[in-house]
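Per the numbering used here, residue 4 is the first one in the sequence shown, and the count goes up by one each step. Glycine included, every Cβ here is placed at the ideal spot set by N, Cα and C. In this text the structure is predicted, and so the values were computed from the model without any measurement. Here's the structure, in structure tokens; my notes come after.
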Amino acid sequence: MSDFVLHSVPGSPYGRQVLITLEEVGATYRFAPIAPGASQSPQYRQLHPFGKIPALTHGDFHLYETQAIIRYIDRVAGAGALTPADPKAAARMDQALNISDCYLFQGVGNVIGFQRIVGPILLGLTTDEAAVAAAMPQAHTVFNELGRLLGDQRFFTGEAVSLADISLISQMDFLAATPEWRDLTGANPNLAKWLERMNARPSLLATTWEKVAAMAAAPQA
Ligand SMILES: N[C@@H](CCC(=O)N[C@@H](CS)C(=O)NCC(=O)O)C(=O)O
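See below:
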């Protein structure tokens, strides 16, 4: 019997944040797939009144909003190992989590990632090149700032991986599959190295697009 149940669309970067967190803390979990487009169904809206992906259930406890979910998992199953003890490092983690949600996803990931990957590959849409071009100034601002914050550290809050890295990698790995990635990391080679470092972690290898598709296809106890 799995402790945690993640309700998510396979391929969702937000859903992947939760999966990576579960893997990092070694929790047992079950993936409950939501079909693309079904997030607005009355049934799913009982779990998430705003109809966004993902949602978590843990026994009779229901939670939505990814930051709340990954912090909860870190507290109850990871003993806080993914949150730095030092207040300044913890503040950097909180800052990076908000950059990830407010500036990296909103306006960059949800435009470039959608136009290059989700639209053409999953929905059969044609890429809107003007929308991609319009997102590039914000994308450069985000990448330059993340490159500055990472500096020569291994991870965003220092030597140990934290929730900041988990949130950012779920969005950045999506963008790494687009032609814009080379331009965006040209001035920030530390971000490309960090991406490689993160992608080599067992938690990332266990939650690739293919692995999550297999989780969604196979019924789990
Ligand atoms: N604030 C939400 C945002 C989640 C979110 O935007 N998820 C995307 C999928 S990765 C989604 O639900 N998109 C469908 C939609 O916006 O209706 C969270 O942190 O969980």
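| query | result |
| --- | --- |
| Sequence ranges, alpha helix (DSSP H) only - wholly within the region 130-213, length at least 4 | 132-153, 166-178, 183-189, 192-202 and 205-208 |
| Per-residue DSSP class, three states only, for Phe108 | helix |
| beta-carbon Thr69 near ligand 1 non-hydrogen atom, thresh 7 angstroms | yes |
| Ala30 (DSSP reduced to helix, strand or coil) | coil |
| DSSP state of Thr86 mapped onto helix, strand, coil | coil |
| Bridge partner(s) assigned by DSSP for His10 | Ala35 and Ala58 |
| Among Gln98, Val8, Phe146 and Ala93, the one whose alpha carbon lies nearest that of Trp197 | Phe146 |
| Other residues of its chain near Pro13: CB distance less than 7 angstroms, five sequence neighbours each side excluded | Pro36, Val215, Ala216 and Ala219 |
| Secondary structure of Phe117, DSSP reduced to three states | helix |
| Span of the beta strand (DSSP E), counted from its first residue to its last, around Leu66 | Phe64 to Tyr67 |
| Local conformation of Pro52 per DSSP, three classes | coil |
| Closest Cα partner of Gln141 within the set Glu183, Leu208, Thr129 and Arg48 | Glu183 |
| Within 8 angstroms, strictly: CB atoms of Thr211 and Leu22 | no |
| Cβ-Cβ distance between Gly116 and Thr24 below 8 angstroms | no |
| Asn193 and Gly150 closer than 8 angstroms at C-beta | yes |
| Closer than 7 angstroms: Gly150 CB and nearest ligand 1 heavy atom | no |
| Option nearest Thr188 by Cα separation, candidates Glu148, Thr160 and Leu207 | Glu148 |
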